[in-house]
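What follows is a short report on a single structure.
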Amino acid sequence: MSIEQLAETAQAMVAPGKGIIAIDESTATIGKRFASVGIENTEENRRAYRELLLTTPRLSQHISGAILFDETLRQSTKDGTPFANYLAKQGIIPGIKVDKGTTALAGCPGELVTEGLDGLRDRLKEYYKLGARFAKWRAVINIAEDIPSGTCIEANAHALARYAALCQEQGLVPMVEPEVLMDGDHDIQTCYEVTEATLRSLFGALHEQGVLLEGTILKASMVLPGKDCDEDADVEEVAESTIMCLKSTVPAILPGIVFLSGGQSDEDATAHLDAMNRVGNLPWPLSFSYGRAMQQAALQLWSKDLKGNVAKAQALVFERAKANGLAAQGKWEG
């Protein structure tokens, strides 16, 4: 795929008023979500739940792409249509999570590095054949006393850049996700400083690895105080801090930025996105790539009757997609 085609896909991913739905939970992670609402973690239940999300009527009005897990990319709707084919027919771009999760970073207590580069080229070839047109890799940055270290930030930035280069080689748009976790009691200024250092390292590594930014999407975490911080931050402060951090680190040539919800409530994630877009005059589109903030209410409703509540659960999914689509244009009314 040419850089023009990669750029075209990337731009479609951040089309006005549209965002990405993230349903790429691993089998273990979705098992925890299912357990919290009393659903058995079977392959058929996982398939049925993903079908509920992906076949939500009118979803493509506000959703441009969907990040899938390996199992999901290989599954089909109940009538036998592969999910990737179904999405493409709806005008939704299929994507795939390709990292293999985090492991302890040797020599850096309390810090993590993401694995999955071994064999990635061949996996990307297969995913492209299965219909994926973009991929996602998540790095995790913890904030605590004396961390993150420069070693941790650089190791994760290098892995993200190697992954991104391999994606573009195989015709997939890389979504790079360096998540700065909300866990901890740090204040918003500390989050700002860590996020800034992380993004500077990331874009330096992308440049060194020859990654074409025109065909790359950033999945960013917002600048927020830690969950256990005594000092709260209002919507405007989060929006202003996040925009300032991005403007100081992210090249204007990037097609767009999508945010992860990162443990925020559904409404907070939407309100923060809306506030940022109301500022206006930004170098890139700011949109969303939410998982829990798109799904949680629907999952709780569906769990009460797996067959009888599909339409009602889909209505909730559409409502969340519409709200975030409006927020991506600074038009959400709350």
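The sequence shown begins at 1 in UniProt numbering and counts up one residue at a time. Positions of the beta carbon are idealized from the N, C-alpha and C atoms, including for glycine.
Three-way DSSP call (helix, strand, coil) for residue i in this model
i      : result
Val279 : helix
Met222 : coil
Ala66  : strand
Glu319 : helix
Ile93  : strand
Asp238 : According to the sequence displayed, residue 238 carries Val and not Asp. Helix at Val238.
Val180 : strand
Ser149 : coil
Ile188 : helix
Ile30  : helix
Ile143 : coil
Ser60  : helix
Ser303 : helix
Ser36  : helix
Glu267 : helix
Thr55  : coil
Leu254 : coil
Cys229 : coil
Beta-carbon separation (whole angstroms), residue i vs residue j, contact threshold 8 Å
i      : j      : result
Glu177 : Leu260 : 7 Å
Ile96  : Leu68  : 6 Å
Ala327 : Asn277 : 7 Å
Asn295 : Leu53  : According to the sequence displayed, residue 295 carries Gln and not Asn. 7 Å between Cβ atoms; contact.
Ser303 : Ile20  : Actually they are not in contact, since the Cβ atoms of Ser303 and Ile20 sit about 24 Å apart, beyond 8 Å.
Val211 : Ala165 : 5 Å
Phe134 : Thr9   : 6 Å
Glu51  : Thr77  : 5 Å
Arg33  : Leu299 : 6 Å
Gln90  : Leu59  : 7 Å
Residue environment, residue i, which counts as buried when at least 16 other CB atoms sit within 10 Å
i      : result
Lys136 : buried
Val14  : buried
Asn324 : buried
Glu236 : exposed
Pro109 : exposed
Leu179 : Here the sequence assigns Glu to residue 179, which means Leu is not the residue at that position. Flag for Glu179 reads buried.
Ser64  : buried
Ala35  : exposed
Arg292 : buried
Gln168 : buried
Thr242 : buried
Sheet register partners of residue i (DSSP bridge)
i      : result
Tyr290 : Ile21
Phe259 : Ala220 and Phe288
Lys136 : Lys97 and Met175
Leu112 : Ala104
Ser201 : Paired residue(s): none; Ser201 is not in a bridge.
Ser76  : Pro82
Pick from the options that is closest to residue i, judged by C-alpha positions
i      : options                           : result
Glu43  : Thr72, Pro57 and Pro16            : Thr72
Val258 : Ile147, Gln264, Leu286 and Asp266 : Leu286
Thr195 : Leu301, Arg121, Met222 and Arg320 : Met222
Val238 : Ala269, His158 and Gly256         : Ala269
Asp70  : Gln61, Arg46 and Leu59            : Arg46
Ala205 : Val37, His158 and Val279          : His158
Ala275 : Gly334, Gly116, Val113 and Leu105 : Gly334
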